[in-house]
Amino acid sequence: MIKILKDMIKTRELCGVYTDADDTSKFSVGYVLDCDETFFLLESIDQYGKADGVLCKPIEKVFNIEIKNEYITNIRRLLEYYGRQKYREIECGCGMTRSLLLFALKEKKVCAIELYESGNKNIIGFIKDAGDKIARVFLVTEAGKPDGEAFIEINRISHISCDSSDERKIELLSKLND
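Just remember that our numbering sits 236 ahead of the position in the sequence shown, which is counted from 1.
Set out below in structure tokens:
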């Protein structure tokens, strides 16, 4: 799948990526921004043709990639209707997970982080530091209220979602709480 993901990067092809073996009807639509041997970054597009953040997912979970089907064609039509925004600029020289954490730090975006393939959003908050091995996160609740800090090992991260509609809602609530 790495070769196909790299082809998607070169062609900027809108694609559907299936990663949930427990529910094979679920998939994410978007543009593959980058990948390494372990993870890939996907600029996610929602079912209405609107940008829905950036995902960092393990390549080993990918079991199907689809392009040019009816659903994806309709998403592309919606993107064109709304006017395609510029691709995200994420510097990816230091591994996909750390690159997305550094993007979230720079842009002051809320991230939802899954650890150890738990299937849960174990950590939700603003990234305050993303070193080579440890990330520091200022935690927030779903209501955007401060909830302490976490120090996590970057190599234990199994999934990151940044700037999706869920995270944007929490980010806005956090601002409204100030």
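Quick reminder that beta carbons are idealized off the backbone N, C-alpha and C, glycines included. Model, not experiment: these values are computed from the prediction.
Give me the DSSP bridge partner(s) of residue i.
i      : result
ASP365 : ARG372
PHE263 : Its beta-bridge partners do not exist; DSSP assigns none.
CYS328 : Its beta-bridge partners do not exist; DSSP assigns none.
VAL346 : PHE362
VAL298 : Bridge partners of VAL298: none, in fact.
ILE388 : ALA371
ASP270 : LEU277
TYR317 : In the DSSP output, where bridge partners are listed per residue, TYR317 has none listed.
ALA379 : None; ALA379 has no bridge partner.
GLY252 : VAL265, GLU302
SER397 : LEU291, ALA348
Pick out whichever of the options has its Cα sitting closest to the Cα of residue i.
i      : options                        : result
GLU302 : GLY319, ASP256, CYS251         : CYS251
TYR318 : LYS342, GLY285, GLU306, THR309 : GLY285
PHE339 : GLY380, GLU279, PHE299, SER354 : GLU279
GLU249 : THR309, THR255, ILE390, LEU408 : THR309
VAL376 : LEU412, GLU273, GLU353         : LEU412
PRO382 : ASP365, GLY361, ILE390         : GLY361
THR247 : LYS304, ASP282, ASP259, CYS328 : LYS304
PHE263 : PHE299, ARG334, CYS330, GLU327 : PHE299
GLU296 : CYS271, SER410, ASP243         : CYS271
GLU325 : GLU316, LEU341, ALA386, LEU269 : LEU269
GLU316 : SER354, ILE281, LYS345, ILE363 : ILE281
VAL253 : ASN356, LYS242, VAL265         : VAL265
Since residue i and residue j are thought to touch, with beta carbons under 8 Å apart, how far apart are those beta carbons, to the nearest angstrom?
i      : j      : result
LEU277 : MET332 : 5 Å
ALA386 : LEU409 : Between LEU409 and ALA386 the Cβ distance is about 19 Å, and since that is not below 8 Å, they are no contact.
LYS369 : GLU343 : Rounded, the Cβ-Cβ distance is 22 Å, inconsistent with contact.
Meets three-Cβ-pair contact criterion under 8 Å: the region 388-407 and the region 344-358: yes
Taking one C-beta from the region 280-294 and one from the region 400-408 each time, how about it: are there three or more such pairs within less than 8 Å? yes
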